[in-house]
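Structure first, then comments.
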Amino acid sequence: MTDALLLLAFQRPHIDWHGIAPELVLLTAGALITLVDIVFLEKARPFTAALAGLGLLATAVPLLTLAVDGTDRVMFDGAYVVDEFSLVVKAVFLLAGYVVVLLSTNYVAEGDYWENEYYGLLLASVMGMVMMASARDLVSVFVALELLSIPAYLMVAWRKRDLHSTEAGLKYYLMGVFASAVMLYGMSLLYGVSGSTLLSDIGTSVAAAGTSTAVITMGIVFIVAGFAFKVSAVPFHTWAPDVYEGAPTPVTAFLAVASKAAGFVALLVLVFVGFYSRSEVWEPLMWILAAASMTVGNLVALRQTNVVRLMAYSGIAQTGFMIAPLAVAGHGLTNGDQALSAVVTYLAIYTAMNLGAFAVIIALSRKTGSGELSSFGGAFSYAPGLTVAMTIFLFSLAGIPPLGGWFAKFEVFRVLATAGEPWGYVLAAVGAVNSVIALYYYASLARRMWADDVPDGDHSPVPVTPSLVTALTLCGAVTLAFGVAPQLVARFTDVSLLALGG
Amino acid sequence: MSMLAAVADMDRLTSGEALVAQNVAFAVMAITMIASALRMVTTRNVVHAALYLVIVLSGVAGIFILLGAEFVGVTQVMVYIGAIVVLFLFGIMLTKGSFGEDDGVSGERRLMAGLVGLLVFGVMTAALVDSFADAELAREAPSTTAEIADSIFSAYIVPFEAVSVLLLAALIGAIVVARRD
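Shown next as structure tokens:
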């Protein structure tokens with residue numbers, strides 16, 4: 023009896039408090055917002071947005087001290103890791119979260135939505151993303167995914183008096199849980215093969231499994247399909263346009279950038295740490311997803327008349343570009359690391375430029391109250407600053423130098439071309455054709471804003487709030503800086519996962 | 002040899018032999034589950050479908066207990082049968098109109114669903130048999146409830162705490178979205 027008790031004696035886990043400080047600060051900020059709401063009720067409403075923004079900025083402090091410290095921290099036998107990769111993507115998530123708070127500030131207050139609850143959910147979702155960056159085990163990855171998704175499902179339905187918003191929320195929820203279920207089944211198959219939830223263990227047993235590939239292949243296909251839904255890659259993209267259109271626009275920006283980036287981070291960690299040795303399975307999958315997403319996204323975007331739907335399809339096409347390096351990432355360490363850096367670079371720059379574009383859309387919609395492309399006509403005559411900013415973001419999305427998007431696309435093409443694989447060249451060609459198509463619709467929106475007549479002849483200036491100005495400045499500065507001085511971003515995104523995964 | 006001795010002998014099995022009692026129990030539960038699952042998706046009455054779901058989920062719980070995973074088995078009963086199906090029934094009864102007969106789905110969709118179902122079933126069966134046909138479970142129970150508790154509060158403490166944040170967020174969000182205002 024004593025033996026049995028000793029056997030079961032509880033081992034206190036070693037927790038690196040500095041390592042999980044960012045998560046703890048975020049948790050505190052979220053709890054504070056909820057508590058302030060309970061204690062002060064309506065009186066707290068003017069301060070919650072500021073509180074949420076401050077919480078996200080405060081989270082950056084431990085992130086900086088961890089970056090200065092620079093040592094890789096490994097907790098729970100490698101289930102939770104703080105390394106360069108996780109710090110960089112955590113910073114991207116925090117920046118995205120902060121900009122979304124700035125975008126939401128007036129939108130949510132003027133719409134008379136449930137503000138305190140909104141910011142609480144937003145912080146919970148960002149916390150899921152921050153966790154995702156460190157998660158190196160199936161349970162952590164899954165819980166982080168749900169923590170970032172479930173608040174997002176609810177935020178999409180936040181404009182509850184609008185049927186479109188409710189429909190979008192329900193659609194996103196149903197498709198999301200279906201994707202989660204498929205992915206979870208795939209995870210259970212890999213757990214069955216390896217007997218461990220740690221990704222590094224799964225990597226080892228997947229590599230050692232030899233010829234019994236059927237279950238491993240099914241597991242990888244199911245997991246990749248689940249995350250392809252999250253990043254809205256074709257053919258798992260059908261939810262995106264409807265959800266983007268129905269959701270409150272700041273939430274759309276959040277989904278299009280942060281939620282997508284989190285899906286990519288999970289995909290990167292799983293591919294590089296978990297399945298790297300099975301490149302013959304995931305490389306063709308990624309190739310198909312990349313080529314299909316770029317082509318379908320761009321071709322359908324050409325025919326859109328609503329700006330949010332246009333951004334949804336352009337986001338699908340951008341997803342294709344981000345997946346593309348993974349299609350040739352399975353050929354050794356250097357090659358894999360280059361592909362990883364290319365994806366992280368693209369994610370960082372895409373975050374800035376896409377959020378910037380959404381900030382302009384939100385600012386202009388405050389005046390026009392419409393999402394139709396024609397309502398953007400002649401914006402230059404009454405909002406020259408916003409028009410210039412939008413042009414910068416659109417051309418950056420199209421990949422025109424010297425804007426950030428150029429460097430992101432360049433990195434993708436470089437990886438595809440240096441892999442020395444015929445399929446890589448083909449994918450690069452598909453990407454090149456798609457860049458031209460994308461330039462057409464981005465440029466035509468810009469032309470509309472510069473040259474067209476104002477549809478209703480109303481030339482009164484657009485009221486731009488300070489928080490929107492801050493958001494635009496942040497996004498614009500990042501987009502320009504990374505385009506003019508790409509070595510800046512390259513220094514941050516020169517990360518590796520393979521060294522850890524073996 | 003008496004029946005009792007035969008059963009007692011089963012405790013000393015080498016690989017290749019099988020536990021008859023467990024296999025019989027598994028077969029009974031599996032057949033009941035398959036039959037109920039089929040009835041669940043074919044019945045036109047929503048309440049009946051929910052009740053057939055109860056049978057399927059109890060079968061899952063039974064299989065977990067058969068495998069010695071008593072904690073998961075009991076959780077299955079408490080969460081799925083105790084909470085979720087009861088919620089289904091309340092939901093069905095509180096929403097007007099959908100109580101009772103349902104129109105069902107069109108023939109074309111039925112055909113597609115059947116095809117996809119058969120395809121997934123075929124591929125998964127082939128893959129699982131291919132990989133796990135020779136696999137054997139350890140004779141001792143895979144994990145006791147105490148071990149599960151220990152690992153939740155040590156190796157899985159971060160996801161465990163994250164789940165509590167997740168539940169709170171879901172609760173707050175659900176109230177905002179569902180309440181009348």
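The listed protein sequences derive, respectively, from chains A and B.
Under the numbering used here, think of the first position of the first sequence as 23, with each following residue one higher.
Under the numbering used here, think of the first position of the second sequence as 2, with each following residue one higher.
Ideal Cβ positions, reconstructed from N, Cα and C, are used throughout, including at glycine.
Beta carbon proximity, residue i to chain B, threshold 9 Å
i              : result
V165 (chain A) : yes
T501 (chain A) : no
A179 (chain A) : yes
L173 (chain A) : Checking the sequence, you will find Pro at residue 173 (chain A) rather than Leu. P173 (chain A) counts as touching chain B.
V161 (chain A) : yes
K193 (chain A) : no
I37 (chain A)  : yes
G446 (chain A) : no
T127 (chain A) : no
I42 (chain A)  : yes
K182 (chain A) : yes
L522 (chain A) : The predicted position of L522 (chain A) is uncertain, since its pLDDT is 43 and thus under 50; no value can be drawn from it.
First and last residue of the uninterrupted alpha helix (DSSP H) at residue i
i              : result
Y102 (chain A) : Here Y102 (chain A) belongs to no alpha helix (DSSP H); instead the beta strand (DSSP E) covers 102 to 104.
R436 (chain A) : 426 to 440
P84 (chain A)  : 67 to 91
N24 (chain B)  : 21 to 43
Q509 (chain A) : 508 to 515
T146 (chain B) : 146 to 153
R470 (chain A) : 444 to 473
T356 (chain A) : 355 to 390
Y195 (chain A) : 185 to 216
Chain-ordered neighbours of residue i on chain B, where CB pairs are closer than 8 Å
i              : result
F32 (chain A)  : D151, F154, S155
D99 (chain A)  : A156
V215 (chain A) : S132
K112 (chain A) : Under the 8 Å cutoff, chain B gives no residues; its nearest Cβ is about 14 Å from K112 (chain A).
Y102 (chain A) : V159
L185 (chain A) : Correct list: empty, because the minimum Cβ distance to chain B is about 13 Å.
L369 (chain A) : Chain B residues near L369 (chain A): none, gap ~22 Å exceeds 8 Å.
Proximity test, Cβ basis, 9 Å: residue i and chain A
i              : result
V159 (chain B) : yes
A62 (chain B)  : no
I85 (chain B)  : no
L14 (chain B)  : Any answer about L14 (chain B) is weak, because its pLDDT of 45 lies below 50 and its placement is not dependable; what the coordinates show is given next. No, because no Cβ of chain A sits closer than 9 Å to the Cβ of L14 (chain B).
A36 (chain B)  : no
V42 (chain B)  : no
A170 (chain B) : yes
V21 (chain B)  : no
Partners in chain A for residue i, counting only beta-carbon separations shorter than 7 Å
i              : result
A128 (chain B) : A236, V237, M240
A51 (chain B)  : Near A51 (chain B) there are no residues of chain A at all, since even the closest Cβ is about 18 Å away, more than 7 Å.
Under 8 Å from the C-beta of residue i: neighbouring residues of chain A
i              : result
M125 (chain B) : M240
I173 (chain B) : T56, E139, G142, L143
V117 (chain B) : Within 8 Å Cβ-Cβ: nothing; V117 (chain B) doesn't reach chain A, min ~12 Å.
Range covered by the beta strand (DSSP E) that runs through residue i
i             : result
R95 (chain A) : 95 to 97
Within chain A, the residues that residue i reaches when beta carbons sit closer than 9 Å
i              : result
L167 (chain B) : A146, G150, V165, E168, L169, I172, P173
Residue i and residue j closer than 9 Å at C-beta
i              : j              : result
L425 (chain A) : F417 (chain A) : yes
S397 (chain A) : P477 (chain A) : yes
A255 (chain A) : A314 (chain A) : yes
A374 (chain A) : C497 (chain A) : yes
E45 (chain A)  : V87 (chain B)  : no
T145 (chain B) : F27 (chain B)  : no
G453 (chain A) : M308 (chain A) : no
L599 (chain A) : M412 (chain A) : The structure shown has nothing for residue 599 (chain A), since chain A only spans 23 to 524.
G52 (chain A)  : V123 (chain A) : no
E305 (chain A) : A346 (chain A) : no
A171 (chain B) : I172 (chain A) : yes
V178 (chain A) : V265 (chain A) : yes
G446 (chain A) : L438 (chain A) : yes
Listed by chain order, chain B residues near residue i by CB distance under 9 Å
i              : result
M153 (chain A) : V159, P160, A163
L176 (chain A) : A170, A171, I173, G174, A175, V177, V178
Interface residues of chain B facing residue i [CB-CB closer than 7 Å]
i              : result
K252 (chain A) : Within chain B, no residue comes near K252 (chain A); the closest Cβ sits about 16 Å away, beyond 7 Å.
W304 (chain A) : The premise fails here: W304 (chain A) is roughly 16 Å from chain B at the closest Cβ pair, so nothing lies under 7 Å.
| query | Looking at C-beta atoms only, is the number of pairs between the stretch 467 to 474 of chain A and the stretch 350 to 358 of chain A that lie closer than 8 Å three or more? | reply | The answer is no - the stretch 350 to 358 of chain A does not touch the stretch 467 to 474 of chain A, with fewer than three Cβ pairs under 8 Å.
| task | Specify whether the stretch 164 to 175 of chain A and the stretch 125 to 134 of chain A touch according to this definition: at least 3 beta carbon pairs, one from each stretch, less than 8 Å apart. | result | Note that the stretch 164 to 175 of chain A does not touch the stretch 125 to 134 of chain A; fewer than 3 beta-carbon pairs, one per stretch, sit closer than 8 Å.
| query | Is it true that the stretch 268 to 276 of chain A meets the stretch 286 to 295 of chain A, where meeting means three or more beta-carbon pairs spaced less than 8 Å apart? | reply | Short answer: they don't touch.
| said: Does the contact criterion of 3 or more C-beta pairs under 8 Å hold for the stretch 306 to 326 of chain A versus the stretch 334 to 344 of chain A? | reply: Yes: at least three Cβ pairs fall under 8 Å.
| query | Taking three-plus beta-carbon pairs below 8 Å as touching, is the stretch 54 to 63 of chain A in contact with the stretch 88 to 98 of chain A? | reply | The count of Cβ pairs closer than 8 Å, one atom from the stretch 54 to 63 of chain A and one from the stretch 88 to 98 of chain A, stays below three, leaving the stretches out of contact.
| query | So does the stretch 189 to 200 of chain A actually touch the stretch 208 to 216 of chain A, counting three or more Cβ pairs closer than 8 Å? | reply | Because the criterion of three Cβ pairs below 8 Å is not met, the stretch 189 to 200 of chain A and the stretch 208 to 216 of chain A do not touch.
| Do the stretch 139 to 157 of chain A and the stretch 187 to 196 of chain A make contact, defined as three or more Cβ pairs closer than 8 Å? | These segments do not touch.
| query | Touch check for the stretch 85 to 94 of chain A and the stretch 245 to 259 of chain A: three-plus C-beta pairs under 8 Å? | reply | Counting Cβ pairs under 8 Å, fewer than three are found: no touch.
| field | Cβ pair count under 8 Å reaching 3, the stretch 449 to 464 of chain A against the stretch 420 to 435 of chain A | value | When Cβ pairs closer than 8 Å are counted between the two stretches, the stretch 449 to 464 of chain A is seen to touch the stretch 420 to 435 of chain A, the count reaching three or more.
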